[in-house]
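Residue numbers (our numbering), protein chains in the order written: chain A, 1 to 378; chain B, 379 to 723.
Here is the structure we will look at.
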């Protein structure tokens, strides 16, 4: 041994644990740096999701083809027809065809030419027969919209002159107008966290096991707790990086109302804590898994179990009880709640504290369970 | 076929090479680096390792030879704390491999058959990550990385991403990774499997260099390359079906065989029956004739029977056109213990 080249004294105990955690994170960070495609693909999926889903579900329904069959020819029927024409020229909800033959109209309905048929029968009057709506309920959205609009026309027509004196109910929107694209913003940030933690955390752990890299960790004196922590944090780095980039994109692409820099910082914190919780789930799931085919099977299930119950696409309150229960333990629910408050409602960071506490607790519980399940042997 | 005059044969009449090996000075009694005592691992009904015992001294290189499925890798995994033994104990520098795992892990370095370098990281980064896992950091870590890179000859490549390295360079990096934290015992699981002859040779030389830099380092290696074991190991154990069949220095093992030294001899005319009998009487065995004038036989190693046979024939008036005496190899030893038949696992 050369003079002055004596072996350095290595750290032990807590120092070793911190060094080990830092080393695992360093590797994740470097891998990411060498493979930018990882982070790009992680971000691309949620952003495409945002743009495609947001824009396709965003618009008001328009130009729904319907047939109106006037068998009455009376004054009420004429008023109904005027109502439909107003619907067509005003909100552009429908594209109406006025037919004389009920059979022809129904055949058209079954062929898919019309989404609905409105029949104004022979004795149409408020005291005689009401109009009949036959709708194509394979398309629930169009069916409901048509049903509501046509009902409204008949209500007005049947009430006659009196209707004009009724003041319509007061409706106030608490926040500036939100289109669906904006509504989806926080959900998409959560989706990118989910993707990021899967690609870097879950998949990386499995690949390390399969190719044996993991063995290189197991034979070192680092404690198992530090090993688990390091791996969870490594997944968190990538997931929260993806989440924050998508958050920035959402801030730029959609007209969100954020209450200043503090709220943005709180949003970033939420992204980090959500990433931590989700990475902890992946590592817990794969604490004993051996091959990457496990992931292939799990991905869809976990996606469905985490993303949809969180209320990302649809309000949680409308779920059945069991699904609401899933939603209550789903970390994405809390991440999403905090992000929606911060981004859409312009709330102060304080509204996010409770969500943060849940996310942190969730990550800790998962971490402890992983530590228990984790095997130091191969 | 090259024909040589018998006079030119003199240099070949020397004793087989292993007898020429300088007798290594008997090592002063040293602390044992590792002591294995009745180590057993069962998977269900089958014992992968069945009461294996041996010990390796500080600075010694110990080879575990055996066919596939002999239990070598299981043994290494137990000793590197990756697999709990069913029964038996082992101690690394006095530390128990079951009760005192963290201490054992700090004392050993491993180079396994698995790929333990991240191909997205550079040579230097791989070592930096590994070093931290052993508690090295800062200047101390950088100094060790520099030193190990120089030892394995990868200093020039330190900033290269590992994916671009050849198989041999990658293995050298893994060895650098294994000794980065200056372990007392280094485990090498088939260190040169899958490498070309140049890379193998350079790894052997590198390991020799490593040992001369750190005389305390004990190495335990598994291999089924006999030349490798012969070149590297102070002692070898032949392992089969979970048991150690024999254990000694390569030279002693070779010397212990009854046959194995091969003599190829070609004369200028057909050998008379009486001369053939004379050679057999000297100790020639497994006699075979190739054509009319070429013969081959085996004999007990180290007794110069091939040489004496050739001398005898020359005295009887034959001219020796060609003579080759092949010394016993470790492979002969291996086959004599494990048999040649292929077996289903």
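Ideal placement from N, C-alpha and C gives every residue a C-beta, glycine not left out.
Within-8 Å CB hit, residue 503 of chain B to chain A: yes
Using three-state DSSP, classify residue 303 of chain A as helix, strand or coil. helix
Host beta strand (DSSP E) of residue 95 of chain A (start-end): 94 to 99
Grab me the residues of residue 1 of chain A's own chain with a C-beta within less than 6 Å of its C-beta, minus the 5 sequence neighbours each way, in chain order. Low confidence applies here, because residue 1 of chain A scores a pLDDT of 43, under 50, leaving its location unreliable; read the following figure in that light. Around residue 1 of chain A: no qualifying Cβ.
Pick from A:70, A:348, A:338, A:53: whose alpha carbon is nearest that of residue 100 of chain A? A:70
Which chain B residues sit within Cβ distance under 7 Å of residue 222 of chain A? Result: 511.
Can the beta-carbon of residue 697 of chain B be found closer than 8 Å to that of residue 646 of chain B? yes
Say whether chain A places a C-beta atom closer than 8 Å to the C-beta of residue 507 of chain B. So yes, residue 507 of chain B belongs to the interface.
Interface partners of residue 22 of chain A on chain B, CB under 7 Å: Going along chain B in sequence order, the residues near residue 22 of chain A (Cβ under 7 Å) are 510.
In three-state DSSP terms, what is residue 400 of chain B? Residue confidence is low: residue 400 of chain B scores 49 on pLDDT, short of 50, so the model does not pin down where it sits. No coordinate-derived value is stated.
Close Cβ partners of residue 147 of chain A (< 7 Å) along its chain, the five nearest in sequence each way excluded: Spatial neighbours of residue 147 of chain A in its own chain (CB-CB distance under 7 Å, excluding positions within 5 residues in sequence) are listed in chain order as 133, 135.
Determine the closest residue to residue 262 of chain A out of A:350, A:246, A:184, with distance taken between C-alpha atoms. Of the candidates A:350, A:246, A:184, the one whose C-alpha sits nearest the C-alpha of residue 262 of chain A is A:350.
Of all Cβ atoms in chain B, is any one closer than 8 Å to the Cβ of residue 29 of chain A? no
What residues from the stretch 460 to 480 of chain B come within 9 Å of chain A, judged by C-beta to C-beta, listed N to C? 460, 461, 462, 479, 480
Three-way DSSP call (helix, strand, coil) for residue 410 of chain B in this model: strand
Please state if the CB of residue 238 of chain A and the CB of residue 379 of chain A are separated by a distance shorter than 8 Å. Residue 379 of chain A falls outside the range modelled here, since chain A spans only 1 to 378, and no answer is possible.
Chain A beta carbons: is any one of them nearer than 8 Å to that of residue 590 of chain B? Closer than 8 Å: no.
Closest Cβ-Cβ distance between residue 522 of chain B and chain A: below 8 Å? Yes, contact with chain A.
Kindly provide the ranges of any alpha helix (DSSP H) runs that are 4 or more residues long and lie completely inside the stretch 66 to 90 of chain A, ordered along the chain. 75 to 89
Hey, how far is the Cα of residue 436 of chain B from the Cα of residue 596 of chain B? For residue 436 of chain B and residue 596 of chain B, the distance between alpha carbons rounds to 5 Å.
Count the other C-beta atoms from every protein chain shown that fall within 10 angstroms of the C-beta of residue 522 of chain B, then say buried if there are 16 or more, exposed otherwise. buried
According to DSSP, simplified to helix, strand and coil, what is residue 645 of chain B? strand
Just list the alpha helix (DSSP H) runs in the stretch 427 to 511 of chain B, keeping only unbroken ones of 4 residues or longer that don't cross its boundaries, in chain order. 450 to 457, 479 to 485, 501 to 511
Please report how far the alpha carbon of residue 438 of chain B lies from the alpha carbon of residue 681 of chain B, in whole angstroms. 29 Å
Return the CA-CA distance between residue 677 of chain B and residue 691 of chain B, expressed in angstroms with no decimal places. Distance between the alpha carbons of residue 677 of chain B and residue 691 of chain B: 17 Å.
Distance cutoff 8 Å, beta carbons only. Does residue 204 of chain A sit that close to anything in chain B? no
The alpha helix (DSSP H) spanning residue 528 of chain B covers which residue range? 516 to 530
Which partner residues of residue 663 of chain B appear in the DSSP bridge assignment? B:676
When the Cα atoms are used, what is the spatial distance from residue 23 of chain A to residue 536 of chain B? 18 Å
Any beta strand (DSSP E) of 3 or more consecutive residues that is wholly inside the stretch 100 to 154 of chain A: 116 to 120, 132 to 135
For chain B, check one thing: does any of its Cβ atoms lie closer than 8 Å to the Cβ of residue 372 of chain A? no
Per-residue contacts from residue 213 of chain A into chain D (C-beta, under 9 Å): The question asks about chain D, but that chain is absent: this structure's protein chains are A and B.
Starting from the beta carbon of residue 35 of chain A, find every residue of chain B whose beta carbon is closer than 8 Å, and list them in chain order. 498
Going by DSSP, what residue range makes up the beta strand (DSSP E) through residue 624 of chain B? 621 to 626
Would you mind sorting residue 382 of chain B into buried or exposed? The rule is 16 or more other CB atoms within 10 Å of its CB. Summary for residue 382 of chain B: the model assigns pLDDT 43, below 50, so the residue's position carries little reliability, and this model does not support an answer.
To be precise: take each residue of the stretch 522 to 536 of chain B, compare its Cβ to all Cβ atoms of chain A, and keep it if any distance is under 8 Å. Which residues remain? 522, 525
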